[in-house]
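Peer 1: The structure's right below; bear with me while I get my questions together.
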Amino acid sequence: DTAVSQTPKYLVTQMGNDKSIKCEQNLGHDTMYWYKQDSKKFLKIMFSYNNKELIINETVPNRFSPKSPDKAHLNLHINSLELGDSAVYFCASSKDPNQPQHFGDGTRLSIL
Amino acid sequence: EDQVTQSPEALRLQEGESSSLNCSYTVSGLRGLFWYRQDPGKGPEFLFTLYSAGEEKEKERLKATLTKKESFLHITAPKPEDSATYLCAVQVFTNKLIFGTGTLLAVQP
């Protein structure tokens, strides 16, 4: 029933490791997003895909790489994790880039 | 630089005590303004979209209004279940959403 689902919900790992977060939406939306929410609750866009094409690519270290295998999935791979990557990462989707976005419940990433 | 500012940062109300949250913005081009509600441990939940100055939207105890420089979220006779963080976001012409830092609302019974 979940509209936008992310896995895992929690991710605890060591500095230098590589990890992936998966996102799936069952709303039939064409546009998907990744956001980072820091400890002060500030939500900032990282990437957006529309029909599997990258349309927003903010100033994000190239250790972060999004991948969209199809319109319903947008995964985020992070290489060489750093302490500053600790945050909550949210996936979202919308019918098109102008429509309201629907968010998943986030993945809390903690780097030891 | 595009900027969205919300005030107050935190607001404590008694049940039934009406109030307003503010979202002011300076952006290069406004496509729309969105209000979201976020509960602890959850993702933001969409409430309203406003597109032009003078527009108003209502849902239960909430009413959102928009001017050329700011938006207000009015909460009438709030209940404890209205407690949450309320986020404002502005969509600019690049289709990017720029979020404010939110207002943490606590409604006490």
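Taken in order, these protein sequences are the chains called A and B. Counting with this note's numbering, you get residues 9 to 120 for the letters of the first sequence. Counting with this note's numbering, you get residues 201 to 309 for the letters of the second sequence. Glycine included, every Cβ here is placed at the ideal spot set by N, Cα and C.
So with CB distances below 9 Å, who are the chain A contacts of residue 293/B?
Peer 2: One-based indexing of the second sequence puts residue 293/B at position 93. What residue 293/B touches in chain A: nothing, since even the nearest Cβ is about 11 Å away.
Peer 1: According to DSSP, what are the bridge partners of residue 222/B?
Peer 2: Position 22 of the second sequence, counted from the first residue, corresponds to residue 222/B. Bridge partners of residue 222/B: 207/B, 272/B.
Peer 1: Which runs of the beta strand (DSSP E) spanning at least 3 residues fall entirely within the segment 17-70 of chain A, listed in chain order?
Peer 2: You should have 18-21, 27-33, 39-45, 51-58, 61-65.
Peer 1: Please report the residue range of the beta strand (DSSP E) in which residue 78/A lies.
Peer 2: For the purposes of this step, residue 78/A is identified with residue 70 of the first sequence, where counting begins at 1. That run of the beta strand (DSSP E) goes 72-78.
Peer 1: On the criterion of 16 or more Cβ atoms from any shown chain inside 10 Å, does residue 73/A qualify as buried, or is it exposed?
Peer 2: Stepping through the first sequence from its first residue, residue 73/A is reached at position 65. Exposed is the call here.
Peer 1: Answer with yes or no whether the minimum CB distance from residue 240/B to chain A is below 7 Å.
Peer 2: Here residue 240/B refers to the residue found at position 40 when the second sequence is read from its first residue. Closer than 7 Å: no.
Peer 1: Can you give me the C-alpha to C-alpha distance between residue 307/B and residue 284/B, rounded to a whole angstrom?
Peer 2: Taking the second sequence and counting its residues from 1, the one referred to as residue 307/B is at position 107. Taking the second sequence and counting its residues from 1, the one referred to as residue 284/B is at position 84. Cα-Cα distance, rounded: 9 Å.
Peer 1: Count the C-beta pairs between the segment 268-279 of chain B and the segment 85-97 of chain A that are closer than 8 Å, then say yes if the count reaches three, no if not.
Peer 2: Judged by Cβ distances under 8 Å, the segment 268-279 of chain B makes no contact with the segment 85-97 of chain A, as fewer than three pairs qualify.
Peer 1: Over what stretch of residues does the beta strand (DSSP E) that includes residue 257/B continue unbroken?
Peer 2: For the purposes of this step, residue 257/B is taken as the residue at position 57 of the second sequence. Here the beta strand (DSSP E) through residue 257/B covers 256-259.
Peer 1: Is it the case that the segment 27-47 of chain A contacts the segment 102-117 of chain A, given that we only count it when at least three CB pairs across the two stretches are under 8 Å?
Peer 2: The segment 102-117 of chain A, when compared against the segment 27-47 of chain A, does touch it at the 8 Å Cβ threshold.
Peer 1: Comparing C-alpha positions only, which one of 291/B, 289/B, 282/B sits nearest to residue 216/B?
Peer 2: As a first step, residue 216/B must be located in the second sequence, where it is residue number 16. Among 291/B, 289/B, 282/B, the Cα nearest to that of residue 216/B is on 282/B.
Peer 1: Would you check if the distance between the CB atom of residue 289/B and the CB atom of residue 234/B is smaller than 7 Å?
Peer 2: Residue mapping note: residue 289/B aligns to position 89 of the second sequence, counting from 1. Residue mapping note: residue 234/B aligns to position 34 of the second sequence, counting from 1. Closer than 7 Å, so yes.
Peer 1: Straight-line CA distance for residue 223/B to residue 115/A?
Peer 2: Mapped onto the second sequence, residue 223/B falls at position 23. Mapped onto the first sequence, residue 115/A falls at position 107. So the alpha carbons of these two residues sit roughly 27 Å apart.
Peer 1: Can you tell me which residues form a DSSP beta bridge with residue 238/B?
Peer 2: Mapped onto the second sequence, residue 238/B falls at position 38. Paired residue(s): 285/B.
Peer 1: Would you kindly work out how many angstroms separate the C-alpha atoms of residue 57/A and residue 63/A, rounded to a whole number?
Peer 2: Taking the first sequence and counting its residues from 1, the one referred to as residue 57/A is at position 49. Taking the first sequence and counting its residues from 1, the one referred to as residue 63/A is at position 55. C-alpha separation (whole angstroms): 6 Å.
Peer 1: Which of the residues in the segment 206-237 of chain B, read from start to end, lie with their CB under 9 Å from any CB of chain A?
Peer 2: Within the segment 206-237 of chain B, the residues whose Cβ lies closer than 9 Å to some Cβ of chain A are 231, 232, 234, 236, listed in chain order.
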